[in-house]
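Novice: Pasting a structure here, questions to come.
Number of protein chains: 2
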Amino acid sequence: MRTSDQRTVSSKQLGAALRVTPTQIRKDLAYFGQFGQPGIGYDVNELTSEIRRILGTDRTWNVILVGAGNLGMALSAYRGFARKGFKLSAVFDDDPSKVGRPVSGVPGLQVLSMQEIGRIVEERQVRLAIVAVPAEAAQSVAEKLVAAGVKGLLNFAPVNLNVPADVAVSAVDLAVQLEQLSFQVICARSD
Amino acid sequence: MRTSDQRTVSSKQLGAALRVTPTQIRKDLAYFGQFGQPGIGYDVNELTSEIRRILGTDRTWNVILVGAGNLGMALSAYRGFARKGFKLSAVFDDDPSKVGRPVSGVPGLQVLSMQEIGRIVEERQVRLAIVAVPAEAAQSVAEKLVAAGVKGLLNFAPVNLNVPADVAVSAVDLAVQLEQLSFQVICARSD
DNA sequence: TTTTGTGAATTGCTTCACAGCA
DNA sequence: TGCTGTGAAGCAATTCACAAAA
Chain A
1 MRTSDQRTVS SKQLGAALRV TPTQIRKDLA YFGQFGQPGI GYDVNELTSE IRRILGTDRT
61 WNVILVGAGN LGMALSAYRG FARKGFKLSA VFDDDPSKVG RPVSGVPGLQ VLSMQEIGRI
121 VEERQVRLAI VAVPAEAAQS VAEKLVAAGV KGLLNFAPVN LNVPADVAVS AVDLAVQLEQ
181 LSFQVICARS D
Chain B
192 MRTSDQRTVS SKQLGAALRV TPTQIRKDLA YFGQFGQPGI GYDVNELTSE IRRILGTDRT
252 WNVILVGAGN LGMALSAYRG FARKGFKLSA VFDDDPSKVG RPVSGVPGLQ VLSMQEIGRI
312 VEERQVRLAI VAVPAEAAQS VAEKLVAAGV KGLLNFAPVN LNVPADVAVS AVDLAVQLEQ
372 LSFQVICARS D
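This is the structure:
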């Protein structure tokens, strides 16, 4: 391995970085095709774009956010978005006093009324939405989003969303995260 | 199965609810001991408390929160905490203008200075902490918490925290969640 | 009967080991 | 020599199938 030449990377290096065996890396990558060259390794640029293609991160996804409360504001200020190819396209809230306010951290964006959801989703071909509203409002918001054509929901409300089978939901449940953590802490203690 | 008598539950019922096979349920539960009765099933109360004991959710965990920005405020207002046996015990921030402010949603709590972390962690036997500070501050906050004796970190900052092996870290990475979601949306389309 | 708990069979995943290419 | 891709081996998780208990 020559650290000066990092146009290629070996399964050994990747494995060390990801804490898995080199064979695991090779098996996993081979599943999607043949990217590497024997004796050389994987071309970093080629591998990066292949993985992007596989994961669907080779395109920019328009994302909308519903809920301009504390959580919504924190999320819209989150910098990791753009870096991973997600563009916060619009923010919605049903509180009239919040509509029209600028969105901190995203120049040129202001909070829109919920009635605009349908129009924006269609116009900008939005497929992903973040639900950051109180629990009691989450289901009806989800239904509005699905009706508008959204296919993936990232749900921060502590409720189960009922959606059609062709819509993906990923829930961020703080309590579950903490439970997992407390379980790990117990296990560590009894080692 | 008699729905009127739900003092017991069978592996079949549990499996249907959790979308796994009844055998899986029995194998998993048997790993921790013998809770069930042949011909009857599992006593709901007994099973519940056994699972609580196994997962460590039979006690109340004191949790502290570092960072009283938008995200921190959203998290402290989160209701699911207490329901799952977690008690938000204190909130810290290094911004002097925030110190002393009341914490919305948690009566009797006010934002404390970072210097108090050591004392509070020791006094209240805190083992879990939530890191809700900007990325650039996260590592030093993590080190302070670990030094104070915290054994589990729930990290919302978009950085990898470097901690000793006996400390558990669970990261909530918005970008990763969105990536998974976009992947699912792609897959659904090609079905 | 109904349903558990568990050996045995099976499936699936991971690692080994090596042929073949650069 | 260095490294990939992959068949074969090894291991772990899941499912099957049934004795035993209620």
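As they're listed, the protein sequences go chains A and B.
In terms of the working numbering, the first sequence opens at residue 1 and continues consecutively.
In terms of the working numbering, the second sequence opens at residue 192 and continues consecutively.
In this text, a Cβ means the ideal position worked out from N, Cα and C, and glycines have one as well.
1. Is the distance from the Cβ of ALA328/B to the Cβ of VAL341/B below 8 angstroms?
2. Are the stretch 145–163 of chain A and the stretch 177–189 of chain A in contact at 8 angstroms, needing three or more beta carbon pairs?
3. Would the stretch 257–271 of chain B count as touching the stretch 280–293 of chain B if we require 3 or more Cβ pairs under 8 angstroms?
4. DSSP three-state call for ASN70/A: helix, strand or coil?
5. Should ASN253/B be flagged as near chain A, meaning a C-beta pair shorter than 8 angstroms?
6. First and last residue of the alpha helix (DSSP H) that includes LYS275/B?
7. Please decide whether LEU14/A counts as near chain B, where near means a Cβ-Cβ distance under 8 angstroms.
8. What distance in whole Å lies between the Cβ atoms of TYR31/A and THR8/A, which are believed to be in contact at a cut-off of 8 angstroms?
9. Give the interface partners of GLN184/A over in chain B, defined as CB-CB distance under 7 angstroms, in chain order.
10. Specify whether the stretch 114–121 of chain A and the stretch 83–92 of chain A touch according to this definition: at least 3 beta carbon pairs, one from each stretch, less than 8 angstroms apart.
11. Interface residues of chain A around GLN330/B at Cβ under 9 angstroms?
12. Helix, strand or coil for MET192/B? Go by DSSP, reduced to three states.
13. Does DSSP classify LEU109/A as helix, strand or coil?
14. Label SER267/B either buried or exposed according to how many other C-beta atoms from any shown protein chain fall within 10 Å of its C-beta, with 16 as the threshold for buried.
15. Kindly indicate which residue of THR60/A, VAL159/A, PRO38/A has the alpha-carbon position closest to the one of TYR269/B.
16. Along the alpha helix (DSSP H) that carries ALA359/B, what are the first and last residues, could you check?
17. So, does the CB of TYR269/B fall closer than 8 angstroms to a CB anywhere in chain A?
18. If we ignore side chains and look at the alpha-carbon of each, how far apart do THR194/B and ILE245/B end up?
19. With DSSP run on the structure shown, which of helix, strand or coil describes ALA221/A?
Specialist: Taking the coordinates as given:
1. If you number the second sequence from 1, residue 328/B lands on position 137. If you number the second sequence from 1, residue 341/B lands on position 150. No, the Cβ-Cβ distance between ALA328/B and VAL341/B is not below 8 angstroms.
2. Contact between the stretch 145–163 of chain A and the stretch 177–189 of chain A is absent, because fewer than three Cβ pairs lie under 8 angstroms.
3. As far as the Cβ criterion goes, the stretch 257–271 of chain B touches the stretch 280–293 of chain B, which means the pair count is three or higher.
4. Here residue 70/A is taken as the residue at index 70 of the first sequence, counted from 1. Three-state result, ASN70/A: helix.
5. On the second sequence, residue 253/B is found 62 positions in, with the first residue counted as 1. Not one chain A Cβ lies under 8 angstroms of ASN253/B.
6. In the second sequence, residue 275/B corresponds to position 84, counting from 1. Taken as a continuous stretch (DSSP letters only), LYS275/B belongs to no alpha helix (DSSP H), as it is neither H nor E.
7. If you number the first sequence from 1, residue 14/A lands on position 14. For LEU14/A, the answer is no, since every Cβ of chain B falls outside 8 angstroms of its Cβ.
8. Here residue 8/A is taken as the residue at index 8 of the first sequence, counted from 1. Here residue 31/A is taken as the residue at index 31 of the first sequence, counted from 1. Rounded, the Cβ-Cβ distance is 20 angstroms, inconsistent with contact.
9. If you number the first sequence from 1, residue 184/A lands on position 184. The answer, in chain order, is GLY343, ALA359.
10. yes
11. In the second sequence, counting from the first residue as 1, residue 330/B sits at position 139. Within chain A, no residue comes near GLN330/B; the closest Cβ sits about 16 angstroms away, beyond 9 angstroms.
12. The residue you call residue 192/B lines up with position 1 of the second sequence. Note that MET192/B scores 48 on pLDDT, short of 50, meaning its location in the model is unreliable; the coordinates nonetheless yield the value given after this. Note: MET192/B maps to coil in three-state DSSP.
13. The residue labelled residue 109/A in the question sits at position 109 within the first sequence. Three-state result, LEU109/A: coil.
14. Along the second sequence, read from residue 1 onward, the residue named residue 267/B stands at position 76. Note on SER267/B: 16 or more other CB atoms within 10 angstroms of its CB, so buried under the neighbour-count rule.
15. On the second sequence, position 78 is the one that residue 269/B refers to. The shortest Cα separation from TYR269/B among THR60/A, VAL159/A, PRO38/A belongs to VAL159/A.
16. Along the second sequence, one-based indexing puts residue 359/B at 168. Segment 359–362 is the beta strand (DSSP E) holding ALA359/B; no alpha helix (DSSP H) there.
17. Your numbering for residue 269/B matches position 78 in the second sequence. For TYR269/B, the answer is yes, since a Cβ of chain A falls inside 8 angstroms of its Cβ.
18. If you number the second sequence from 1, residue 194/B lands on position 3. If you number the second sequence from 1, residue 245/B lands on position 54. Its pLDDT being 46, under 50, THR194/B is placed unreliably in this model, and the value from its coordinates should be taken loosely. Spanning the two alpha carbons is a distance of roughly 27 angstroms.
19. Past the boundaries of the shown model lies residue 221/A; chain A is included only from 1 to 191, so the question cannot be answered.
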